[in-house]
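Each remark here refers to the structure printed beneath this line.
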């Protein structure tokens, strides 16, 4: 007989925080199946919280003002990249161009010869940061 807001607050602080632990490192390497499995955890939690009022996942997210995890993971990665590029010992290499070009890229994307490296965190964060300039 707890209030829905209290249960939702507990979920976001106790469970979702574990689902988002070290997201910038592993998000880019997720397969579609793994992403669905992680999203399924939140879907089940929202089903438990809402009970008979649960219609579908999108409506539940709207009712409880919770973002879907895939959207939230991308926002967390972008936030991490923005903070990291400002540091002196950044993981990402800032563009140091003295010439004005049409390119609006903030950081250099590493050259990726293999798909496995392209899906790793540093090239992903570089692409994400350059895309959201």
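In the working numbering, the protein residues as written are 107 to 239. Ideal Cβ positions, reconstructed from N, Cα and C, are used throughout, including at glycine.
*asked:* What does the alpha-carbon distance come out to for the pair residue 172 and residue 141?
replied: Position 66 of the chain shown, counted from the first residue, corresponds to residue 172. Position 35 of the chain shown, counted from the first residue, corresponds to residue 141. Computed Cα separation, rounded: 17 Å.
Discussion item. Rounded to the nearest angstrom, what separates residue 111 and residue 174 at their Cα positions?
Written reply: Along the chain shown, read from residue 1 onward, the residue named residue 111 stands at position 5. Along the chain shown, read from residue 1 onward, the residue named residue 174 stands at position 68. Each residue's Cα considered, the two are about 17 Å apart.
Review point. Can you give the Cα-Cα distance for residue 200 and residue 223, rounded to whole angstroms?
Key: For this step, residue 200 is matched to residue 94 along the chain shown. For this step, residue 223 is matched to residue 117 along the chain shown. Going from the Cα of residue 200 to the Cα of residue 223 covers about 19 Å.
Would residue 117 and residue 151 qualify as a contact pair, given that the criterion is a beta-carbon distance under 8 Å?
Within the chain shown, the letter at position 11 stands for residue 117. Within the chain shown, the letter at position 45 stands for residue 151. Taking 8 Å as the Cβ cut-off, residue 117 and residue 151 qualify as a contacting pair.
inquiry  = Between the region 224-239 and the region 183-202, can you find at least three pairs of beta-carbon atoms closer than 8 Å?
reply    = yes
Open item on the list: Let's see if you can read the secondary structure: which residues bound the alpha helix (DSSP H) around residue 189?
Closed with: Translated into positions along the chain shown, residue 189 becomes position 83. Unbroken alpha helix (DSSP H) run through residue 189: 175-191.
Could you compute how far the alpha carbon of residue 228 sits from the alpha carbon of residue 114? Sequence index remark: in the chain shown, residue 228 carries index 122 (1-based). Sequence index remark: in the chain shown, residue 114 carries index 8 (1-based). Looking at the two C-alpha atoms, the distance is approximately 33 Å.
If distances are taken between C-alpha atoms only, which option among 121, 120, 130 and 108 comes closest to residue 184?
Taking the first residue of the chain shown as 1, we reach residue 184 at position 78. Measuring from the Cα of residue 184, the nearest candidate turns out to be 130.
Identify, in the order they occur along the chain, each residue of the same chain with its Cβ nearer than 7 Å to the Cβ of residue 176, setting aside the five sequence neighbours on each side.
As a first step, residue 176 must be located in the chain shown, where it is residue number 70. Only 141 and 145 meet the Cβ criterion.
DSSP state of residue 152 mapped onto helix, strand, coil: As a first step, residue 152 is located in the chain shown; it is residue number 46 there, counting from the start. Looking at residue 152 - three-state DSSP - the assignment turns out to be helix.
- Query: So, using beta-carbon positions, are residue 226 and residue 157 closer together than 8 Å?
  - Reply: In the chain shown, residue 226 corresponds to position 120, counting from 1. In the chain shown, residue 157 corresponds to position 51, counting from 1. No, they are not a contact pair.
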